[in-house]
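Trainee: Protein chains in written order, with our numbering: chain A, 11 to 96; chain B, 11 to 96; chain C, 1013 to 1170; chain D, 1013 to 1170.
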């Protein structure tokens, strides 16, 4: 299983805070993730995640380049839209 | 009587916080004040007061130009060296 | 109240007393010449009924600690405090509290300012507000303004 | 503790509680989005035994009120607090406390900074410290540094 966590407005679009998917191949990359979300979740979510401002963390580490994503069974992917604190 | 108040380090030089002088003429000006302090107090005090950084207040109002001083019986002159608060 | 030194960084699920926190920070830094602080609160707004702050636990506290650590590296500080609320807040409640203790005033001021600028647009929080009521009510996500990014970026200039 | 609005300006002959003052200021401004503050304290210094602050009553409080008034004119503030000690102080005691409440953070920060810069070199206080002990001890007058004047003057630039 790969756990995907949706933060901020992405949780609204996903209709939930997180999903779990069984990895169909050994590892999934960024394109696989988008395809997965488009087929199993919805197009709005996948489109929102394509925005350059959305960052990706793998197991609690933010990827410098999200296109380098490579996730396997047991991993947690977090999808991080622009933040606003304070 | 004219009251003269010495602030900060001027009080040290005067050896007191204030003095009272009977005005010898109708009014005293800046030159009169310096002469008065030199004769009745001490030269160190008069010299310190000549420094450009010393400001003068008459009855609780700081003079824009201390050379405009004109004090009469009942007035209070304050001699104000550079401040330091905070 | 016992604070951690040199950095006391917290994510708080419940309301807190600003006065008590600042009193503890002040008492904890008797040798500091100056202590600067900032508290940000939920502003009352006729339309806005509540504010909700969410975070992502694996990133948020480490991210705040990193911000506090950068402030400690950049200025000569005796200590720094950075507290941030999560959960649902209503008008007047504190969202964020930052304080810095230093020998020199400028360092305390600048470190507080720096940490606030980074919490605002570079820490892992997401904020939405509930506007209106009844069937017309709804949640709206808040994103930083350009001015918030600019405020943060000024610290990167040499 | 009851504070005056919009400006609470005090010259204090005795020690005060920073935490209590800030708690009161915070509670007094529930609608303000942000509150910035600064407290300046006597720094411990092996040589310095005490600090003495004097003022000139006819000028000092009106001068502080003028500084606070200029801050209220210059920024959109909900309130401002400016307290300054006089008398003899020892290490760790607060000398000055400034706080500003505003809708916007930048205004609260800048107003606090402005008032501090002016209290430091443009308010009617004189400060001296007692150094050493016994027959070698003595009082030394403190004057602002060039940097203090420069800090104040930056507010005059357009």
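Positions of the beta carbon are idealized from the N, C-alpha and C atoms, including for glycine.
1) Can you tell me whether DSSP reads residue 1030/D as helix, strand or coil?
2) Please name the residue in 1113/D, 1100/D, 1019/D whose C-alpha comes closest to that of residue 1079/D.
3) In its own chain, which residues sit with a C-beta less than 8 angstroms from the C-beta of residue 1132/D, not counting the 5 before and 5 after it?
4) Do you know offhand how far residue 1122/D's Cα is from residue 1094/C's?
5) For the candidate residues 47/A, 64/A, 81/A, whose alpha-carbon lies nearest to that of residue 19/A?
6) At least one CB of chain D closer than 8 angstroms to the CB of residue 1027/C: is that the case?
7) Within a Cβ cutoff of 6 angstroms, which residues of the same chain sit near residue 1052/D, ignoring the five residues on either side of it in sequence?
8) Return the CA-CA distance between residue 80/A and residue 16/A, expressed in angstroms with no decimal places.
9) On the DSSP bridge list, what partners appear for residue 1050/C?
10) Short of 9 angstroms Cβ to Cβ, which residues in the region 1134-1149 of chain C face chain A?
11) I want to verify the contact list: residues of chain C whose CB lies under 7 angstroms from the CB of residue 1169/D, in sequence order.
12) Going by the DSSP bridge assignment, what does residue 1152/C pair with across the sheet?
13) Under 7 angstroms Cβ-Cβ, which residues of chain D neighbour residue 19/B?
14) Which runs of the beta strand (DSSP E) fall wholly inside the region 1075-1105 of chain D and span at least 3 residues, in chain order?
15) Which one or two residues does DSSP pair with residue 1060/D in a beta bridge?
16) Does residue 1182/C come within less than 8 angstroms of chain D when only Cβ atoms are used?
17) Run through chain B and tell me which residues come within less than 9 angstroms of residue 1107/D, C-beta to C-beta.
18) Looking only at its own chain, which residues have a Cβ that is under 8 angstroms from the Cβ of residue 11/B, when we skip the five neighbours before and after it?
19) Inspect the beta-carbon positions of residue 1169/D and residue 1061/D and report whether they are closer than 8 angstroms.
20) Please name the residue, chosen from 46/B, 26/B, 38/B, 88/B, that lies closest to residue 1070/D on a Cα-to-Cα basis.
21) Taking only beta-carbon positions, decide if residue 1034/D is within less than 8 angstroms of chain C.
22) Got a sec: which bits of the region 1081-1109 of chain C sit with their beta carbon under 7 angstroms from any beta carbon on chain D, in order along the chain?
23) Going by beta carbon distance, what residues of the same chain come within less than 7 angstroms of residue 28/A, once the five residues before and after it are set aside?
24) Should residue 1016/C go down as buried or exposed, given a rule of 16 or more other Cβ atoms within 10 Å for buried?
25) Give the single residue among 1098/C, 1139/C, 1102/C, 1111/C whose Cα lies nearest to the Cα of residue 1126/C.
26) So the beta strand (DSSP E) residue 1132/D belongs to, where does it begin and stop?
27) With C-beta atoms as the reference, is residue 1040/C less than 8 angstroms away from residue 1055/D?
28) Of all the residues that make up the region 77-92 of chain A, which are near chain C by a beta-carbon distance shorter than 9 angstroms?
29) Considering only DSSP beta bridges, list what residue 66/B is partnered with.
30) Taking only the alpha-carbon atoms, compute the straight-line gap between residue 1081/C and residue 43/B and give it to the nearest angstrom.
31) In chain C, what lies closer than 9 angstroms to residue 1115/D by C-beta?
32) For residue 1022/D, which residues in the same chain have their Cβ closer than 6 angstroms to its Cβ, ignoring the five residues on either side in sequence?
33) Which residues in chain B sit within 8 angstroms of residue 1156/D, going by Cβ to Cβ distance?
34) Between residue 76/A and the rest of its own chain, which residues show a CB-CB distance below 8 angstroms, the 5 nearest in sequence each way excluded?
35) Starting from residue 1160/D and walking both ways along the beta strand (DSSP E), at which residues does that stretch end?
36) Using the three-state DSSP reduction, which class does residue 76/A fall into: helix, strand or coil?
Mentor: Result, derived from the coordinates:
1) helix
2) 1019/D
3) These residues qualify, in order along the chain: 1156, 1160, 1163, 1164.
4) 20 angstroms
5) 64/A
6) No, its Cβ sits nowhere closer than 8 angstroms to a Cβ of chain D.
7) If we look at residue 1052/D and ignore the five residues flanking it on each side, its Cβ neighbours are 1107, 1108.
8) 18 angstroms
9) 1110/C, 1048/D
10) Close to chain A, meaning a Cβ-Cβ distance shorter than 9 angstroms, are the following residues of the region 1134-1149 of chain C: 1134, 1135, 1136, 1137, 1138, 1139, 1140.
11) Per Cβ cutoff of 7 angstroms: no residues; residue 1169/D is ~17 angstroms from chain C at best.
12) Answer is 1141/C, bridged to residue 1152/C.
13) 1153
14) You should have 1089-1097, 1099-1101.
15) 1143/D
16) Outside the modelled stretch of chain C, which goes from 1013 to 1170, sits residue 1182/C, for which no answer is possible.
17) Within 9 angstroms Cβ-Cβ: 95, 96.
18) 30, 31, 32, 33, 83, 84
19) no
20) 88/B
21) yes
22) For the region 1081-1109 of chain C, which is checked against every Cβ of chain D, the residues closer than 7 angstroms are 1104.
23) 13, 14, 15, 16
24) exposed
25) Just measuring C-alpha positions, the residue of 1098/C, 1139/C, 1102/C, 1111/C sitting nearest residue 1126/C is 1111/C.
26) No beta strand (DSSP E) holds residue 1132/D; the alpha helix (DSSP H) holding it covers 1117-1133.
27) No, these two residues do not count as a Cβ contact at 8 angstroms.
28) Considering only beta carbons, the part of the region 77-92 of chain A lying closer than 9 angstroms to chain C consists of 86, 88, 90, 91, 92, in chain order.
29) Its beta-bridge partners are 89/B.
30) Each residue's Cα considered, the two are about 59 angstroms apart.
31) 1055
32) 1095
33) 92, 93, 94
34) Closer than 8 angstroms at the Cβ level, and outside the excluded window around residue 76/A, lie 40, 64, 65, 66.
35) Per DSSP, residue 1160/D belongs to no beta strand (DSSP E); it is in the alpha helix (DSSP H), 1158-1165.
36) Correct three-state label for residue 76/A: helix.
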